[in-house]
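>
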Amino acid sequence: MKHEKYREQISRYIDGDLTESEQAELEEHLQTCETCKEELQELQEMVQDLNAIQEIPLDFDLKGKVLSSMKSKDEKNKLGKKNNWKKYAGIAAGFVIVLLLAAPLIRQVQLPFGMGSSGDEAVTDNMQSEPSWGGTEEDGAAMDQGEAFDDDMGLTQEQQAQDEETEGSTTKNEVFDPEQIIYNGSIDLYTDRFDDTLEQLREYVDEIDGFVERSDSNLNESSQAAGSKYAFYTIRVPADRFEKAMKDLQEFGEVENTSISSSNITAQYRDVKSELDSFKVQEERLLEYLEEAESMEDLLLIEEQLARVRNEIHYRQTIIDGWDQQIDYSTIRVQVYEKEVSTSSIQSPFGNFFERMGNTLIESLNVMARGIASLILLLVALIPYMIVFGVLGWGGYKVVQKFRGRNE
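Counting from 19, one number per residue, gives the positions in the sequence shown under the working numbering.
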């Protein structure tokens, strides 16, 4: 420990920071310790070498010039960036403001881009989609309440198991029924005897014991050009005559397109029928409980559950009745178009030519008048914006000119 103490005092001994007693003690130790003595000599030689190095004075003028040059370049770069930002920021801001303000204004002003209205009307697809069998939360709550009611009225597990076994046997005994398939067809026809074709079509539907479910047609000859008449028919035919009807209808004109599709609903039909039978069993059981009810509270509870079950029966019976109708009567959509140029007889295109020409001229004048009015309204609506932007632009131009004059 004393040896380490003396080694720490060697550096202070060279700098002359030791007291007289510490210096005398260290010198006495150096006479007996060769290691500390050698370390002292090495430090003294190092100090002598450092003191022998000539000090080179720093050129303060050169340093100041370099710093001044760097500072000047930095200020120029900053000024240039600042000017560039000011130059383009105003343009960008003005462009964005014009877009934001003018876009809704242009949308409000309706300009005509075409003459007349489209003559064709879209025919909606009446295909009935398959219903979803997921119950709502209210149905679930009612079902839970019905189960609790069964428990309160003494329905044993054996009776429930017997009912489930009966339902299961009914499901297993049912086999695939090829008659539970819905057929749909579509035919596009072109004819040069448009009115006669429609009359023959209606007569044919009556002959095969079918009926027209819907019809849409455009028969206005005075305002439409030749060949623009059309009719869309949705007819229902007995399922056993579906294929024959598709073939016979193709003889009513020139077939442009035909398609046949089918939907097998056997699985869905079986599930809904099974649910319907189950609810009917519950209805019979509730009727028996209703006859045996002794208190007013039991009577009200049974009637509430009976109403719920009958709603479920009505809902599923409606679905099955709709399916039965689609299964028994297939759907065929017939679209009849008049040919632009007849191929069976010579027809004059000038029957109502002057009337159609007058209508076209009046329509063109109306479109032109609406266009001029819309353009005037647009210009009037833009006047306030033009005034505001003009004042802002003039003020900005003056500020920029003033700023440039100061820099010059």
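Every residue gets a Cβ at the ideal spot worked out from N, C-alpha and C, and that includes glycine.
I'd like the list of long-range same chain contacts for Glu225, defined as Cβ closer than 8 Å, with 5 residues on each side in sequence excluded.
Locating residue 225 in the sequence shown gives position 207, counting from the first residue. Once the five neighbours on either side are set aside, Glu225 has no close Cβ partner at all.
> Going by beta-carbon coordinates alone, are Ile283 and Trp341 separated by less than 8 Å?
Locating residue 283 in the sequence shown gives position 265, counting from the first residue. Locating residue 341 in the sequence shown gives position 323, counting from the first residue. Yes.
> With DSSP collapsed to three states, give me the class of Thr53.
Here the question's residue 53 lines up with position 35 in the sequence shown. Three-state DSSP puts Thr53 in a helix.
> By Cβ distance below 8 Å, which residues in the same chain neighbour Gln335 in space, the five residues on each side in sequence not counted?
Indexing the sequence shown from 1 puts residue 335 at position 317. Around Gln335: Leu294.
> Here's a check: name, in chain order, each residue in its chain whose Cβ is nearer than 8 Å to the Cβ of Glu272, leaving out the five neighbours to either side.
By one-based count along the sequence shown, residue 272 stands at place 254. Excluding positions up to five away in sequence, the list reads Leu207, Tyr208, Thr209, Lys357.
> Can you tell which of Leu216, Pro256, Gln41, Pro402 has the C-alpha that lies nearest to the C-alpha of Gln344?
The sequence position of residue 344 within the sequence shown is 326, counting from 1. Looking at the Cα atoms, Pro256 is the closest of the given residues.
> If you reduce the DSSP assignment to three classes, tell me which class Asn370 lands in.
Within the sequence shown, the letter at position 352 stands for residue 370. Note: Asn370 maps to coil in three-state DSSP.
> Give me, in chain order, the residues of the same chain whose beta-carbon lies closer than 8 Å to that of Leu304; leave out the 5 immediate sequence neighbours on both sides.
Looking up residue 304 in the sequence shown gives position 286. Same-chain partners within the cutoff: Ile320, Gln323, Leu324, Val327.
> Buried or exposed, going by whether 16 or more other CB atoms sit within 10 Å of the CB of Arg351?
Along the sequence shown, read from residue 1 onward, the residue named residue 351 stands at position 333. Counting the other Cβ atoms within 10 Å of the Cβ of Arg351 gives 16 or more, which makes it buried.
> Compute the Euclidean distance between the alpha carbons of Ser281 and Ile200, then round it to the nearest angstrom.
Residue mapping note: residue 281 aligns to position 263 of the sequence shown, counting from 1. Residue mapping note: residue 200 aligns to position 182 of the sequence shown, counting from 1. If I take the Cα positions, the gap works out to 5 Å.
> Can you give me the C-alpha to C-alpha distance between Leu48 and Lys55, rounded to a whole angstrom?
Translated into the one-based positions of the sequence shown, residue 48 becomes position 30. Translated into the one-based positions of the sequence shown, residue 55 becomes position 37. Roughly 5 Å separates the two Cα atoms.
> Under 8 Å between the Cβ atoms of Ala263 and Val354?
Indexing the sequence shown from 1 puts residue 263 at position 245. Indexing the sequence shown from 1 puts residue 354 at position 336. It is not a contact, given that the beta carbons lie outside the stated cut-off.
> Which residues does DSSP list as the beta-bridge partners of Asn236?
Position 218 of the sequence shown, counted from the start, is the residue given in the question as residue 236. Tyr248, per the DSSP bridge assignment.
> Does the Cβ-Cβ distance between Gly203 and Phe260 come in under 8 Å?
Along the sequence shown, one-based indexing puts residue 203 at 185. Along the sequence shown, one-based indexing puts residue 260 at 242. In contact: Gly203 and Phe260 (Cβ atoms closer than 8 Å).
> Are any of the Cβ atoms in chain D nearer than 8 Å to that of Lys262?
Here chain D cannot be found, since the structure has a single protein chain.
> With DSSP as the reference, identify every bridge partner of Pro256, one or two as the case may be.
Here residue 256 is taken as the residue at index 238 of the sequence shown, counted from 1. DSSP output for Pro256 lists Tyr347 as bridge partner(s).
> Quick check on Val406: does DSSP put it in helix, strand or coil?
Translated into the one-based positions of the sequence shown, residue 406 becomes position 388. If DSSP states are grouped into helix, strand and coil, Val406 belongs with the helices.
> Under a Cβ-count criterion, where at least 16 other Cβ atoms within 10 Å of its own Cβ denotes burial, should Val223 be classed as buried or exposed?
Here residue 223 is taken as the residue at index 205 of the sequence shown, counted from 1. It is buried - the Cβ of Val223 has at least 16 other Cβ atoms within 10 Å.
> Would you mind giving the Cβ-Cβ distance between Glu231 and Thr252, rounded to the nearest angstrom? I have them listed as a contact below 8 Å.
For the purposes of this step, residue 231 is taken as the residue at position 213 of the sequence shown. For the purposes of this step, residue 252 is taken as the residue at position 234 of the sequence shown. Between Glu231 and Thr252 the beta-carbon gap is near 5 Å, inside 8 Å, which marks them as a contact.
> Excluding the 5 residues flanking Asp143 on each side, which residues of the same chain have their C-beta closer than 8 Å to its C-beta?
For the purposes of this step, residue 143 is taken as residue 125 along the sequence shown, with counting starting at 1. Since pLDDT at Asp143 reaches only 43, below the 50 mark, its modelled position is unreliable, and the value read off the structure follows with that caveat. Excluding sequence neighbours, Asp143 sits near nothing in its chain.
> Quick one: grab the DSSP three-state call for Glu312.
What you label residue 312 is simply residue 294 of the sequence shown in a count that begins at 1. If DSSP states are grouped into helix, strand and coil, Glu312 belongs with coil.
> Taking just the CA atoms, how far does Ala399 sit from Val406?
Working through the sequence shown from its first residue, we reach residue 406 at position 388. Working through the sequence shown from its first residue, we reach residue 399 at position 381. Going by the C-alpha atoms only, they are around 13 Å apart.
> What does the alpha-carbon distance come out to for the pair Leu383 and Lys247?
Within the sequence shown, residue 383 is the residue found at index 365, counting from 1. Within the sequence shown, residue 247 is the residue found at index 229, counting from 1. Answer to the nearest angstrom: the Cα atoms are 25 Å apart.
> Using the rule of at least 16 other Cβ atoms within 10 Å of the residue's Cβ for burial, across every protein chain shown, is Gly389 buried or exposed?
Numbered from its first residue, the sequence shown carries residue 389 at position 371. So Gly389 counts as exposed.
> Just checking my contact of Ile28 with Glu57 at CB under 8 Å: how many whole Å lie between their CB atoms?
Start at 1 with the first residue of the sequence shown, and residue 28 comes out as number 10. Start at 1 with the first residue of the sequence shown, and residue 57 comes out as number 39. Confirmed, Cβ separation roughly 6 Å.
> So what's Gln198 in DSSP terms, helix, strand or just coil?
As a first step, residue 198 must be located in the sequence shown, where it is residue number 180. If DSSP states are grouped into helix, strand and coil, Gln198 belongs with coil.
> Please check the pair Glu301 and Ile331, which I expect to be a contact at CB under 8 Å, by giving their CB distance rounded to whole angstroms.
For the purposes of this step, residue 301 is taken as the residue at position 283 of the sequence shown. For the purposes of this step, residue 331 is taken as the residue at position 313 of the sequence shown. Rounded, the Cβ-Cβ distance is 7 Å, consistent with contact.
> For Asn282, which beta-bridge partners are listed by DSSP?
Stepping through the sequence shown from its first residue, residue 282 is reached at position 264. In DSSP, Asn282 forms a bridge with Ile199.
> Confirm, please, whether the CB-CB distance from Ile337 to Val290 is below 8 Å.
In the sequence shown, counting from the first residue as 1, residue 290 sits at position 272. In the sequence shown, counting from the first residue as 1, residue 337 sits at position 319. Closer than 8 Å, so yes.
> Can you tell me where the alpha helix (DSSP H) with Leu219 in it begins and where it stops?
Position 201 of the sequence shown, counted from the start, is the residue given in the question as residue 219. Counting along the chain, the alpha helix (DSSP H) containing Leu219 begins and ends at 212-225.
> Suppose you measure from the CA of Tyr31 to the CA of Glu43; what does that come to, to the nearest Å?
Here residue 31 refers to the residue found at position 13 when the sequence shown is read from its first residue. Here residue 43 refers to the residue found at position 25 when the sequence shown is read from its first residue. The alpha-carbon atoms of Tyr31 and Glu43 are separated by roughly 11 Å.
> If you run the structure through DSSP and keep just helix, strand and coil, what is Ala36?
Here residue 36 corresponds to residue number 18 of the sequence shown, with the count starting at 1. Residue 36 is actually Leu in this sequence, not Ala. Of the three classes helix, strand and coil, the one that applies to Leu36 here is coil, per DSSP.
> Once you ignore the five residues that flank Leu267 on each side, which residues in its own chain have a CB closer than 8 Å to its CB?
Reading the sequence shown from its first residue, position 249 is the one you call residue 267. Taken in chain order, the residues that qualify are Ile205, Leu207, Leu219, Tyr222, Ile350, Val352.
> When the Cα atoms are used, what is the spatial distance from Glu306 to Leu317?
Counted from its first residue, the sequence shown places residue 306 at position 288. Counted from its first residue, the sequence shown places residue 317 at position 299. Cα to Cα, Glu306 sits roughly 12 Å from Leu317.
> Going along the chain, which residues of its own chain have a beta-carbon closer than 6 Å to the beta-carbon of Tyr415, five neighbours each way excluded?
Within the sequence shown, residue 415 is the residue found at index 397, counting from 1. Within the same chain, and ignoring the five residues on either side of Tyr415 in sequence, no residue has its Cβ closer than 6 Å to its Cβ.
> Less than 8 Å between the C-beta atoms of Gln198 and Tyr333, yes or no?
On the sequence shown, residue 198 is found 180 positions in, with the first residue counted as 1. On the sequence shown, residue 333 is found 315 positions in, with the first residue counted as 1. Not a contact, by the Cβ cut-off of 8 Å.
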